[in-house]
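A.B. asks: Numbering (this note's numbering), first residue to last: 6 to 754.
First the structure, then my questions, so here it is.
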Amino acid sequence: ALYALVICAAALRAHPSAAKPADSPAGEFSGVRAKGVLQGLLGDGVPHPVGSAADSAVREKIVARLTELGYQPRVQESFVCDETGRCADVKNIVTRLEGREAGPAVMVAAHYDSVPAGPGASDDGAGTVCVLEIARALKASPQLRHPVILLIDEGEEAGLFGAVAFVQDDPWAKDVRAVVNMDNRGSSGPATMFETGNANEWLMRLYAGAMPRPDTNSLSYTVYKSLPNDTDFTVFKRAGYQGFNFAFIGDVAHYHTPLDNVANASAASIQQEGEDGLAMARALANSDLNFGEPADAVYSDVLGWKTIWWPARWTPWFALLALVLLALEIVTLMRRGQMRMREFGLGLASWPLILIVAGILGWILQIFLYATGAVSANWVAHPWPTLTSAWAIGFGAVGFVGVLFGRRAGFFGLWSGIWIWWAVAALALGIAAPGLSFMFVVPALAAGIFGLTIVLLRPGAPGSAWIAGVIPAFITAIVAVYAVWFLYNALGAVFLIGIAVCVALIAAPLGPFAGSLQGSRRWLFPSIAFVCAIIAAITAFFVPAFSASSPQAMNIEYEQNDAGESQWLVATNSQRLPMSMRNAARFAKTTDALFPWQSSHPFAAAALALNLAPPAMTVKQVSQEGATNHYDVLLKSNRGAPLVMLAFPPDAAPASVKINGHEVPEVSQSMLRYTHGWRIYGCVDTPPEGFEMTFSLPGAKPVPAILFDESYGLPPQGMDLQRARPSDATAIQSGDVTLVKRDVSLAPE
Numbered sequence: 006a007l008y009a010l011v012i013c014a015a016a017l018r019a020h021p022s023a024a025k026p027a028d029s030p031a032g033e034f035s036g037v038r039a040k041g042v043l044q045g046l047l048g049d050g051v052p053h054p055v056g057s058a059a060d061s062a063v064r065e066k067i068v069a070r071l072t073e074l075g076y077q078p079r080v081q082e083s084f085v086c087d088e089t090g091r092c093a094d095v096k097n098i099v100t101r102l103e104g105r106e107a108g109p110a111v112m113v114a115a116h117y118d119s120v121p122a123g124p125g126a127s128d129d130g131a132g133t134v135c136v137l138e139i140a141r142a143l144k145a146s147p148q149l150r151h152p153v154i155l156l157i158d159e160g161e162e163a164g165l166f167g168a169v170a171f172v173q174d175d176p177w178a179k180d181v182r183a184v185v186n187m188d189n190r191g192s193s194g195p196a197t198m199f200e201t202g203n204a205n206e207w208l209m210r211l212y213a214g215a216m217p218r219p220d221t222n223s224l225s226y227t228v229y230k231s232l233p234n235d236t237d238f239t240v241f242k243r244a245g246y247q248g249f250n251f252a253f254i255g256d257v258a259h260y261h262t263p264l265d266n267v268a269n270a271s272a273a274s275i276q277q278e279g280e281d282g283l284a285m286a287r288a289l290a291n292s293d294l295n296f297g298e299p300a301d302a303v304y305s306d307v308l309g310w311k312t313i314w315w316p317a318r319w320t321p322w323f324a325l326l327a328l329v330l331l332a333l334e335i336v337t338l339m340r341r342g343q344m345r346m347r348e349f350g351l352g353l354a355s356w357p358l359i360l361i362v363a364g365i366l367g368w369i370l371q372i373f374l375y376a377t378g379a380v381s382a383n384w385v386a387h388p389w390p391t392l393t394s395a396w397a398i399g400f401g402a403v404g405f406v407g408v409l410f411g412r413r414a415g416f417f418g419l420w421s422g423i424w425i426w427w428a429v430a431a432l433a434l435g436i437a438a439p440g441l442s443f444m445f446v447v448p449a450l451a452a453g454i455f456g457l458t459i460v461l462l463r464p465g466a467p468g469s470a471w472i473a474g475v476i477p478a479f480i481t482a483i484v485a486v487y488a489v490w491f492l493y494n495a496l497g498a499v500f501l502i503g504i505a506v507c508v509a510l511i512a513a514p515l516g517p518f519a520g521s522l523q524g525s526r527r528w529l530f531p532s533i534a535f536v537c538a539i540i541a542a543i544t545a546f547f548v549p550a551f552s553a554s555s556p557q558a559m560n561i562e563y564e565q566n567d568a569g570e571s572q573w574l575v576a577t578n579s580q581r582l583p584m585s586m587r588n589a590a591r592f593a594k595t596t597d598a599l600f601p602w603q604s605s606h607p608f609a610a611a612a613l614a615l616n617l618a619p620p621a622m623t624v625k626q627v628s629q630e631g632a633t634n635h636y637d638v639l640l641k642s643n644r645g646a647p648l649v650m651l652a653f654p655p656d657a658a659p660a661s662v663k664i665n666g667h668e669v670p671e672v673s674q675s676m677l678r679y680t681h682g683w684r685i686y687g688c689v690d691t692p693p694e695g696f697e698m699t700f701s702l703p704g705a706k707p708v709p710a711i712l713f714d715e716s717y718g719l720p721p722q723g724m725d726l727q728r729a730r731p732s733d734a735t736a737i738q739s740g741d742v743t744l745v746k747r748d749v750s751l752a753p754e
């Protein structure tokens, strides 16, 4: 019942409070006011990728809004290149609110560009209007101690270009000490502070004191650091800035699609993100900004009520204390004859067995759902049956193992074995990965402390076992259920096995109670759980995987090569092609990827040759220096496509690459793994006159390369395919594109 209570509390907390009205006091953040500004910026629903005319229009509206608020915004223009080999000409909007003291500044940041597929109302229009509403609230409030710089940058979606441009080129960049960044990966849900700078011991002290409704934990921060995901905050951290990164991730199916529109943007989510951003901007700007030496903290909120945190270096000592207390209690139980060594050994075996059972059943569930098509993408329209099944498996595994071992291990055997494992895990994580240890250290300490009733009270005293078992189990639910609750939103159905195992982990303290039931009731708990899991899995099979409000991703592409051959390509994240698309053209699964560096195999159908003008490469100069050839080429799209790229095979490693005179960083190893060794260089917002690229290649033999350009949208002949795309499917990321490629050769003179 206590677990169910906490699960209900987590479900309620997943829905932010209503947005404050437009007539709220001037110094407060109003989500309704911010949503109104968002309507003015992006109400037309037009995508505005970097360098587009639509992006220029959005930029002008933002500048006008800041000017209306009494600021003096300026546009910082820079040409920048990143470690993927791509470059862009970006225009950032920067302004400043002076503080009582000169010196270091705090920055509030978001980006205003969108992906080509959607209008980006939440990613990151919501962040943009949060910055604007924060700017209004700060202007109407008493002056802060330190200056506040407001940055709304361009080019984040194409490669974090705006953040790089600010850090590298803007004169105010050297003033910044801390950043509050707001970006989103959905259109609803609570705003979470999921990432900090590396001085988060200092930062969490500030956060805990300033945040009225905290939503954070070091578990998500630690996991996020291991993922290949980036926001502008990645660039700011690399520049040495401290600070906080906020996002909401509900309705992730809207992310980077046409459904990321103003109508779907949650005013309540904007309210929480903006309110949190305003609170942290004020707290940082009124602090001494003296972060000291970088040091990590372990932290988590308690159901949005309060933040608990401590320095990460304390974690092993807390875990060791829990381990000592539990060892003392286990020895006491054995000395009193309340538990034998054999019972303790069975208890020790129960904890890993719970996780193994949950993992095996979770794997079977995942295989079933993917094989039947109930889950054919990472996020589905109706996830509740799937998630109910995974959660029921977790609880069922605990009940099953508890009953299996209960008679021979007894209550104290199971209690001792489970909690001693918990303390060992807390100690191991406290040493190796403190950020992951919160959900182990706190419950283990609770078990050690409340387990003292076993030592302090006489053997068999009424309630001692219940105090030692119920309270730590309840605390486990409080600190861990909410973190597990959002695993699906964060990682998707690919992590169903992990969800089942995590639920079994946090439900493991129920094992001793399940094992203590007698008679016909013994199997009631696991039986109900497993029946619920089966019914939910079957239900998942019958409910549609996608809907108009939660569609699958489906991009259509027109591709033309230099042999004059053309084809339609359709890629879906379900790897299935709807009948309406099959009827629109003779699609078949391709055996060869479009490019050598791609591993996906979309559906292909012959297309009418349109003889689109191919991209051009003009060799302006070739010179030799020993065994090295230096090239100066002009790359241009003859049909005005914004993206023009030149790809080199793995055995040709160009050096000293410059685009428009700007040095391109060495392509990162992660990018090379993604492209299977191919190095791909170019511009994402190529001007009509093209761009100049210089580079060096070794050897005397010609080097083959691939030149291609890409424009957003399809030729008119693709309208029938777009109409055939069902309502439960939508374009995503770059959306529907037209691509023209040609093979070129770079030969020394």
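For every residue, glycine included, the Cβ atom is placed at its ideal position computed from N, Cα and C.
Just so you know, these numbers come straight off a predicted model, no measurement behind them.
Any idea what DSSP makes of residue 305, helix, strand or coil?
C.D. replies: Three-state result, residue 305: strand.
A.B. asks: May I ask which residues mark the beginning and end of the beta strand (DSSP E) holding residue 685?
C.D. replies: Segment 684 to 688, the beta strand (DSSP E) holding residue 685.
A.B. asks: Figure out for me which residue from 728, 29, 431, 406 has the closest Cα to the Cα of residue 4.
C.D. replies: The structure shown does not extend to residue 4, since the chain is modelled only from 6 through 754, so no value can be given for it.
A.B. asks: With which residues is residue 712 paired in a DSSP beta bridge?
C.D. replies: Residue 712 is bridged to 651, 747.
A.B. asks: Note the first and the last residue of the continuous beta strand (DSSP E) segment covering residue 85.
C.D. replies: Note, residue 85: beta strand (DSSP E), 79 to 86.
A.B. asks: Return the residue from the list 557, 587, 157, 152 that minimises the CA-CA distance to residue 133.
C.D. replies: If we check each option's Cα against that of residue 133, 157 comes out closest.
A.B. asks: Can you grab the Cα-Cα spacing for the pair residue 302 / residue 420, in whole Å?
C.D. replies: For residue 302 and residue 420, the distance between alpha carbons rounds to 30 Å.
A.B. asks: Put residue 281 into one of helix, strand or coil per three-state DSSP.
C.D. replies: Helix, per DSSP.
A.B. asks: Among all the DSSP beta bridges, which residues are the ones paired with residue 623?
C.D. replies: Paired residues: 639.
A.B. asks: Any idea if residue 638 is buried or exposed, counting beta-carbon neighbours within 10 angstroms, 16 or more meaning buried?
C.D. replies: Counting Cβ neighbours within 10 Å, residue 638 comes out buried, since at least 16 surround it.
A.B. asks: Could you give the distance in angstroms between the alpha-carbon of residue 145 and the alpha-carbon of residue 592?
C.D. replies: Roughly 60 Å between the two C-alpha positions.
A.B. asks: Please tell me whether residue 623 and residue 608 are closer than 8 Å, where the distance is taken between their beta carbons.
C.D. replies: Result no, Cβ atoms of residue 623 and residue 608 do not sit closer than 8 Å.
A.B. asks: Considering only residues of the same chain and omitting the five flanking positions on each side of residue 512, which have a CB-CB separation below 6 Å?
C.D. replies: Excluding sequence neighbours, residue 512 sits near 399, 400, 403.
A.B. asks: When the Cβ atoms of the segment 346 to 363 are set against those of the segment 478 to 497, are three or more pairs found closer than 8 Å?
C.D. replies: Result no; under three Cβ-Cβ pairs closer than 8 Å.
A.B. asks: What does DSSP give as the partner residue(s) for residue 660 in the beta ladder?
C.D. replies: In DSSP, residue 660 forms a bridge with 701.
A.B. asks: Helix or strand or just coil, what does DSSP make of residue 757?
C.D. replies: The requested residue 757 is not part of the displayed model; the chain covers only 6 to 754.
A.B. asks: Please state the DSSP three-state secondary structure of residue 594.
C.D. replies: Here residue 594 sits in strand by DSSP.
A.B. asks: Beta-carbon separation of residue 384 and residue 506 under 8 Å?
C.D. replies: Going by C-beta atoms, residue 384 is not nearer than 8 Å to residue 506.
A.B. asks: Output the residue ranges of the alpha helix (DSSP H) runs that lie fully inside the segment 167 to 253 and measure 4 residues or longer, sorted by chain position.
C.D. replies: Counting only runs of 4 or more, we get 205 to 215, 223 to 231, 237 to 243.
A.B. asks: Measure the CB-CB distance between residue 576 and residue 560 and report whether it falls below 8 Å.
C.D. replies: In contact: residue 576 and residue 560 (Cβ atoms closer than 8 Å).
A.B. asks: Tell me where the beta strand (DSSP E) around residue 1 begins and ends.
C.D. replies: The question about residue 1 has no answer, for the chain in this structure spans 6 to 754.
A.B. asks: Should residue 724 be listed as close to the ligand ATP, given that the test is whether its C-beta is under 7 Å from any heavy atom?
C.D. replies: Absence of the ligand ATP is noted for the structure shown, with no ligands found whatsoever.
A.B. asks: Looking only at DSSP bridge pairs, what is residue 634 linked to?
C.D. replies: According to DSSP, which records beta bridges pairwise, residue 634 is partnered with 629, 702.
A.B. asks: Closest to residue 61 by CA distance: which of 147, 96, 174 is it?
C.D. replies: Looking at the Cα atoms, 96 is the closest of the given residues.
A.B. asks: By the DSSP assignment, the beta strand (DSSP E) with residue 157 in it spans what residues?
C.D. replies: Residue 157 -> beta strand (DSSP E) spans 153 to 158.
A.B. asks: Would you report the Cα separation of residue 94 and residue 67, rounded to the nearest angstrom?
C.D. replies: Straight-line Cα distance between these residues: approximately 19 Å.
A.B. asks: Let me know if residue 681 comes out buried or exposed under the rule of 16 or more other beta-carbons within 10 Å of its beta-carbon.
C.D. replies: When all chains shown are included, residue 681 counts as exposed.
A.B. asks: Pull up the distance between the alpha-carbon of residue 263 and that of residue 583, whole angstroms please.
C.D. replies: In a straight line, the C-alpha of residue 263 is about 20 Å away from that of residue 583.
A.B. asks: Considering Cα atoms alone, identify which of 137, 21, 56, 89 is closest to residue 76.
C.D. replies: It is 137 whose Cα lies nearest to the Cα of residue 76.
A.B. asks: What is the C-beta distance between residue 163 and residue 689, in whole angstroms, given that I count them as a contact (C-beta under 8 Å)?
C.D. replies: Indeed they touch by this definition, with Cβ atoms about 5 Å apart.
A.B. asks: Whose C-beta lies closer than 8 Å to the C-beta of residue 30 among residues of the same chain, with five residues either side of it excluded?
C.D. replies: Excluding positions up to five away in sequence, the list is empty.
A.B. asks: Measure from the alpha carbon of residue 443 to the alpha carbon of each residue in 322, 223, 533, then state which is nearest.
C.D. replies: That would be 223, whose Cα lies nearest to the Cα of residue 443.
A.B. asks: Got a sec, what are the start and stop residues for the beta strand (DSSP E) residue 315 sits in?
C.D. replies: Note, residue 315: beta strand (DSSP E), 312 to 316.
A.B. asks: Hey, residue 236 and residue 221 are a contact pair by Cβ (cut 8 Å); roughly how many whole angstroms apart?
C.D. replies: The pair is not a contact, with the Cβ atoms about 16 Å apart (cut-off 8 Å).
A.B. asks: Considering Cα atoms alone, identify which of 180, 143, 282 is closest to residue 135.
C.D. replies: Checked all of 180, 143, 282; the closest Cα to residue 135 is 282.
A.B. asks: Do the segment 422 to 435 and the segment 521 to 534 make contact, defined as three or more Cβ pairs closer than 8 Å?
C.D. replies: No, they do not touch.
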